[in-house]
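See structure below.
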Amino acid sequence: MWSLDAANSPELITRLRRHGRRVGFEVAWVGEGWRALVEQCHDRLVAAFPDYELLAIKQKWAVLEYQAFPSPWVDGRATWQEDEYCCLQRIVDEVKGESESVCEWCGAQARLRDWRTLELTLCDGCDAGFADPPWPLSRGTSGG
């Protein structure tokens, strides 16, 4: 599965939606195998920053990219302190680091598959079971 959305992940999307910068956050552009990492990152951010602002969740260069701010922008200005942003980045970076060894598609132990048209972190089974896409793609993202 290439995305987590309201059809396959209604509870998760409901939890994320209220933090979305855009009204109606609807899709995390990552595979099912990273669901637990997305949930973990969200839970840790909510604990530290109850009103954090979610920009995007996607795969970028074969790792989880969770883009967020400690609080919403107001009148085009950041409303957080530098130390708050650094704390948020530490959380996001820790979860990103975990994604380097978790299969994006099934959640098993995995490694980078940089030979593919699209760089992915996959387990041996998913790597063998799914052929590379037959069309050229921009390297680095699996969506959004």
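Taking full-length UniProt numbering, the leading residue of the sequence shown gets 1, the next gets one more, and so forth. In this text, a Cβ means the ideal position worked out from N, Cα and C, and glycines have one as well.
In this structure, the beta-carbon distance from threonine 121 to alanine 36 does not fall below 7 Å. Under DSSP, glutamate 65 forms a beta bridge with Lys58. In the same chain as alanine 28, and ignoring 5 residues on each side of it, the C-beta atoms closer than 6 Å to its own belong to Leu4, Val38 and Ile57, in chain order.
Taking all protein chains in view, the Cβ of cysteine 86 is surrounded by fewer than 16 other Cβ atoms within 10 Å, so the residue is classified as exposed. Threonine 79 sits in coil when the DSSP states are folded into three classes, being neither helix nor strand. Burial is judged here by how many other beta carbons sit within 10 angstroms of a residue's own beta carbon; phenylalanine 49 has at least 16 and is buried. Note on glutamate 82: under 16 other CB atoms within 10 angstroms of its CB, so exposed under the neighbour-count rule. Note that the C-beta distance between isoleucine 91 and arginine 44 is below 7 Å. In terms of Cβ geometry, glutamate 94 and tryptophan 34 do not form a close pair [threshold 7 Å]. Alanine 108 is not a Cβ neighbour of serine 101, given a cutoff of 7 Å. Residues of the same chain with a CB within less than 8 Å of the CB of lysine 96, apart from the 5 flanking positions on each side, are Val63, Leu64, Glu65 and Tyr66 in chain order. Leucine 16 is positioned such that its CB atom lies closer than 7 Å to that of phenylalanine 25.
In this structure, the CA atom of arginine 77 is about 32 Å from the CA atom of serine 9.
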